[in-house]
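Q: Residue numbers (UniProt numbering): 1 to 139.
All C-beta atoms, glycine included, are put in the ideal place defined by N, C-alpha and C.
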């Protein structure tokens, strides 16, 4: 069994609530130490097995775990209280917000630009062929 070596972990907890139902809540627990994977058990709370995310581009590894419950008094702070973490439950989770340090994949950008170029070239060829065909028919 291979265990990731994660140095200087700074755990974070994000709480997501269902806007239609106040009883459903999910906690995402990230960046915790590898030894803390199996230490979470609480009555009425379901834990999904922890996974390790390996970001090879940034040479970075991160642990992640999900916990959820259908009780109205469920909070992430009570669930993961054995470990010191930086609570992020007070911040809203908005997919429209991106970090300033967000980096795109250069190969993917090149492929997208190449595809757009080939489409423009195809439209020019089709237009030229159509124009020449109409010109020959008219004479």
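Going by DSSP, which residues form a beta bridge with residue 27?
A: Beta-bridge pairing links residue 27 to 15, 67.
Q: Per DSSP, residue 47 forms a beta bridge with which residues?
A: Looking at the DSSP assignment, residue 47 forms a beta bridge with 67.
Q: By the 10 Å Cβ neighbour count, where 16 or more other Cβ atoms means buried, how is residue 31 classified, buried or exposed?
A: Looking at its Cβ environment, which holds 16 or more other Cβ atoms inside 10 Å, residue 31 is buried.
Q: For residue 26, which residues of its own chain have a beta-carbon under 6 Å away from its beta-carbon, when the five flanking residues on both sides are left out?
A: The residues are 16, 68.
Q: Grouping DSSP H, G and I as helix and E and B as strand, with all else coil, what is residue 73?
A: Three-state DSSP puts residue 73 in coil, outside helix and strand.
Q: Looking only at C-alpha atoms, which of 11, 112, 111 sits nearest to residue 64?
A: Taking only the C-alpha atoms, the option nearest residue 64 is 11.
Q: What's the C-alpha gap between residue 119 and residue 62?
A: Rounded to whole angstroms, residue 119 to residue 62 spans 40 Å at the Cα level.
Q: Out of 127, 75, 134, which one is the CA nearest neighbour of residue 45?
A: Checking every option, the nearest Cα to that of residue 45 belongs to 75.
Q: Pick helix, strand or coil for residue 139, following the three-state DSSP scheme.
A: Here residue 139 sits in coil by DSSP.
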